[in-house]
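Q: Numbering (full-length UniProt numbering), first residue to last: 1 to 604. From the three backbone atoms N, C-alpha and C, an ideal C-beta is built for every residue, glycine too.
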């Protein structure tokens, strides 16, 4: 495990303080060597990345950066400034801060931070941890599936909620604090809405591109500084190319890796070569290989949600292999660029201008949206008018496919993501932008390679989110180009072909090949599995959808693979012969099948 790990216990009453469990004995073999002991809180944690204040009342786990230029890292002194950490005007990063007083213990997880914090209560103890398995051992209780949360996970794709898919386990979201005293109190100390002000609508395109560029270059430089060699997966698309340009600008040693499939839609080597030649950076080309994929074993079993995707196992193995070959000590990704750079396929920005009484600006925006979506100006304007007369809050789409009525009822009992509650006077475009940022959370973890090396996604870091949300939605589609501000911001650091590119590659070819290879086994796996037994999925609908042989049609196969991912998580996590934790990637037979692709053509 490459990040700080911790497990903490707080007693439910003062009598319990006389009977502390031996955390070191419970966690034997876990390399948790440091004990933070206060009268009402014991925390066992790894020595890596941990800092304490002089009074020994605050423990800081993780990495902290100072918001001001010239302060690359403030971790050593930050533990003495718990109020400032919570306010986060001066600090950002991947950290959890724990402060104890006589009356309460306060935990704070950094906004957009990647160091997790899970909480669970029993009659005697309140436990909190970075790892689900540590939490289960400390509380001496096995976790069971939370079928309501699983139903919500399936019916509201990509929406992460505090209630995990393990019964009784809650996640403290980035930007939230947890106060443990007589009761548990969770507060939203930071949300993206706190950065949204009326001033953003006075920002022009030139100012917007400068502030986005500055945030990207500074953020990537700070995040890359601790590492000796970076592996970055690139497609030649805008988002990963921006990360590559920022890494090159920072002078970081990098290897670019592009993955191609036999489906032409998944072969982006042409653009990746243009990028690598422009930056003067090494590029490795690999073929996707479905023999590396086991759809019946989840790579997210160490997490409290079934967010691993089987079709990504091939890319995961290939990137791990390249990191080993090049001696890299971290992975960077361009994940979240579409979300942070406000790649909207809706008329919400038009509605923003109408609600502000800016008719001419609304017409101009409708023209831009019409070009981005190929819907045309009139349709974009008509939809914008309709959207302007609805509440501004974003309505998350519901996916009913292959779910039972009982599952949909269960899903309604789960509280939604806290960012979806739009304040009064908010605008639809901003609400949609914030919802898009929330939607990326389930795609930033759940990889096998994260068990061996850090996987860093700089585009979803706090400074990038702050910079992006300070830009009005209308500017992101300026000139009829998606992510327009980002294109302008990096026009001089990237090749013209990358800046002008509007198409996107897709992994659908890999997913389709996987589905066609294992169709019969997937059908049996689902129909005989826990989701069917719990009446979450409709067996008959699954059988009917999978009865046709031959090449896939439509997109139901993507949905069925997503159901298989959840079933695989259930089977991998809860079967009795499951290993305590997946091992990090090693030089095993699977990696031996990862043949170097060089630049040989896919289609001779």
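What's the call for residue 20, buried or exposed, on a 16-neighbour Cβ count within 10 Å?
A: The residue labelled residue 20 in the question sits at position 20 within the chain shown. The residue is exposed, with fewer than 16 neighbouring Cβ atoms inside 10 Å.
Q: Pull up the distance between the alpha-carbon of residue 311 and that of residue 562, whole angstroms please.
A: Here the question's residue 311 lines up with position 311 in the chain shown. Here the question's residue 562 lines up with position 562 in the chain shown. Taking the straight line joining both Cα atoms gives about 10 Å.
Q: Assuming residue 432 and residue 348 form a contact by the criterion Cβ under 8 Å, report the distance between their Cβ atoms to the nearest whole angstrom.
A: Along the chain shown, read from residue 1 onward, the residue named residue 432 stands at position 432. Along the chain shown, read from residue 1 onward, the residue named residue 348 stands at position 348. Confirmed, about 4 Å.
Q: Grab me the residues of residue 498's own chain with a C-beta within less than 7 Å of its C-beta, minus the 5 sequence neighbours each way, in chain order.
A: Indexing the chain shown from 1 puts residue 498 at position 498. So the qualifying residues of the chain are 236, 238, 241, 271, 274 and 275.
Q: Enumerate in chain order the residues of its own chain whose CB-to-CB distance from residue 94 is below 7 Å, with the five nearest sequence positions on each side excluded.
A: Reading the chain shown from its first residue, position 94 is the one you call residue 94. So the list reads 62, 63, 110, 113, 114 and 115, once near-sequence residues are dropped.
Q: Just to confirm my understanding: we take residue 288, look at its own chain, exclude 5 residues before and 5 after, and list those with CB closer than 6 Å. What are they?
A: In the chain shown, counting from the first residue as 1, residue 288 sits at position 288. Result list for residue 288: 259, 261, 314 and 510, in chain order.
Q: Does the stretch 360 to 378 come close enough to the stretch 504 to 519 that 3 or more CB-CB pairs lie under 8 Å?
A: Cβ pair count under 8 Å is below three, so no.
Q: Could you check whether residue 119 and residue 414 sit closer than 7 Å to each other, using their CB atoms as the reference points?
A: To locate residue 414, count along the chain shown from 1; it is residue 414. To locate residue 119, count along the chain shown from 1; it is residue 119. Taking 7 Å as the Cβ cut-off, residue 414 and residue 119 do not qualify as a contacting pair.
Q: Under 6 Å Cβ to Cβ from residue 2, same chain only, skipping five residues before and after it: list those, please.
A: Reading the chain shown from its first residue, position 2 is the one you call residue 2. These residues qualify, in order along the chain: 453 and 454.
Q: Would you mind listing the alpha helix (DSSP H) stretches within the stretch 189 to 271 that are 4+ residues and don't spill past its ends, in chain order?
A: For the stretch 189 to 271, whole alpha helix (DSSP H) runs of length 4 or above, ordered along the chain, are 205 to 224 and 238 to 249.
Q: If I measure Cβ to Cβ from residue 205 and keep anything under 8 Å in the same chain, skipping five residues before and after, which residues do I get?
A: Looking up residue 205 in the chain shown gives position 205. So the qualifying residues of the chain are 475, 478, 484, 485 and 488.
Q: In terms of residues, what are the limits of the alpha helix (DSSP H) holding residue 343?
A: Stepping through the chain shown from its first residue, residue 343 is reached at position 343. Element bounds for residue 343: n/a, residue is neither H nor E.
Q: Please confirm whether residue 295 and residue 518 have their CB atoms less than 7 Å apart.
A: Position 295 of the chain shown, counted from the first residue, corresponds to residue 295. Position 518 of the chain shown, counted from the first residue, corresponds to residue 518. Yes.
Q: Would you call the CB atoms of residue 117 and residue 146 closer than 7 Å?
A: Taking the first residue of the chain shown as 1, we reach residue 117 at position 117. Taking the first residue of the chain shown as 1, we reach residue 146 at position 146. No, they are not a contact pair.
Q: Rounded to whole angstroms, what's the CA-CA distance from residue 123 to residue 172? Just pull it up for me.
A: Within the chain shown, numbered from 1, the residue matching residue 123 stands at position 123. Within the chain shown, numbered from 1, the residue matching residue 172 stands at position 172. Distance between the alpha carbons of residue 123 and residue 172 is about 20 Å.
Q: Indicate whether residue 470 and residue 429 have their beta-carbon atoms separated by less than 7 Å.
A: Along the chain shown, one-based indexing puts residue 470 at 470. Along the chain shown, one-based indexing puts residue 429 at 429. Result no, Cβ atoms of residue 470 and residue 429 do not sit closer than 7 Å.
Q: Counting only the same chain and skipping the five closest in sequence on each side, list residues whose C-beta sits under 7 Å from that of residue 443.
A: Along the chain shown, read from residue 1 onward, the residue named residue 443 stands at position 443. Cβ neighbours of residue 443 beyond the five flanking positions: 335.
Q: Take residue 342 as the anchor and find which of 412, 284, 404 and 435 has the nearest alpha-carbon.
A: Translated into the one-based positions of the chain shown, residue 342 becomes position 342. Per the Cα distances, 435.
Q: Based on DSSP bridge pairs, tell me the residues matched to residue 287.
A: The residue you call residue 287 lines up with position 287 of the chain shown. Answer is 260.
Q: So, with DSSP's three-state summary, where would you put residue 119?
A: Taking the chain shown and counting its residues from 1, one reaches residue 119 at position 119. Strand.
Q: Can you give me the start and stop residues for the beta strand (DSSP E) that residue 165 sits inside?
A: Taking the chain shown and counting its residues from 1, the one referred to as residue 165 is at position 165. Per DSSP, residue 165 belongs to no beta strand (DSSP E) and is neither H nor E.
Q: So if DSSP puts residue 41 in a beta bridge, which residue, or which two residues, is it bridged to?
A: As a working mapping, residue 41 is identified with position 41 in the chain shown. Bridge partners of residue 41: 38.
Q: Between residue 546 and residue 144, what straight-line distance do the alpha-carbon atoms span, to the nearest angstrom?
A: On the chain shown, position 546 is the one that residue 546 refers to. On the chain shown, position 144 is the one that residue 144 refers to. Their backbone Cα atoms lie some 30 Å apart in a straight line.
Q: Just list the alpha helix (DSSP H) runs in the stretch 125 to 153, keeping only unbroken ones of 4 residues or longer that don't cross its boundaries, in chain order.
A: Complete alpha helix (DSSP H) runs here, min 4: 132 to 139.
Q: May I ask which residues mark the beginning and end of the alpha helix (DSSP H) holding residue 96?
A: In the chain shown, counting from the first residue as 1, residue 96 sits at position 96. Segment 91 to 100 is the beta strand (DSSP E) holding residue 96; no alpha helix (DSSP H) there.
Q: To which residues of the same chain is residue 182 closer than 7 Å at the C-beta, ignoring the five residues directly before and after it?
A: The residue you call residue 182 lines up with position 182 of the chain shown. Hits under 7 Å: none found.
Q: With a cut-off of 8 Å on the beta carbons, I'd call residue 320 and residue 449 a contact; round off their distance for me.
A: Position 320 of the chain shown, counting from 1, holds the residue named residue 320. Position 449 of the chain shown, counting from 1, holds the residue named residue 449. The Cβ separation is near 4 Å, so the contact holds.
Q: Per DSSP, which residues does residue 187 bridge with? Please list them.
A: The count along the chain shown starts at 1 and reaches residue 187 at position 187. According to DSSP, residue 187 bridges with 177.
Q: Just confirm the distance between the C-beta atoms of residue 59 and residue 50, as a whole number of angstroms; I'd bet it's less than 8 Å.
A: Reading the chain shown from its first residue, position 59 is the one you call residue 59. Reading the chain shown from its first residue, position 50 is the one you call residue 50. That belief holds up - the Cβ atoms of residue 59 and residue 50 are roughly 7 Å apart, short of 8 Å.
Q: Counting only runs that start and end within the stretch 515 to 564, where is the alpha helix (DSSP H) found for 4 or more residues in a row?
A: Qualifying alpha helix (DSSP H) stretches, in chain order: 530 to 533 and 539 to 545.
Q: To test your reading of the DSSP string, which unbroken alpha helix (DSSP H) runs of 4 or more residues are found completely within the stretch 284 to 371?
A: Taking only runs of at least 4 residues, the alpha helix (DSSP H) segments lying wholly in the stretch 284 to 371 are 313 to 326, 337 to 340 and 348 to 355.
Q: Counting along the chain, where does the alpha helix (DSSP H) carrying residue 430 start and finish?
A: Along the chain shown, read from residue 1 onward, the residue named residue 430 stands at position 430. Element bounds for residue 430: 428 to 439.
Q: Output the distance between the C-alpha atoms of residue 520 and residue 543, rounded to the nearest integer angstrom.
A: Stepping through the chain shown from its first residue, residue 520 is reached at position 520. Stepping through the chain shown from its first residue, residue 543 is reached at position 543. Between residue 520 and residue 543, the C-alpha separation is close to 10 Å.
Q: Would the beta-carbon of residue 458 fall within 7 Å of that of residue 220?
A: Taking the first residue of the chain shown as 1, we reach residue 458 at position 458. Taking the first residue of the chain shown as 1, we reach residue 220 at position 220. In this structure, residue 220 lies closer than 7 Å to residue 458 by Cβ.
Q: Do the stretch 134 to 141 and the stretch 24 to 34 make contact, defined as three or more Cβ pairs closer than 8 Å?
A: Flag = yes, the stretch 134 to 141 and the stretch 24 to 34 touch.
Q: Classify residue 108 as buried or exposed, calling it buried when 16 or more other Cβ atoms lie within 10 Å of its own Cβ.
A: Position 108 of the chain shown, counting from 1, holds the residue named residue 108. Buried, by the Cβ-count rule.
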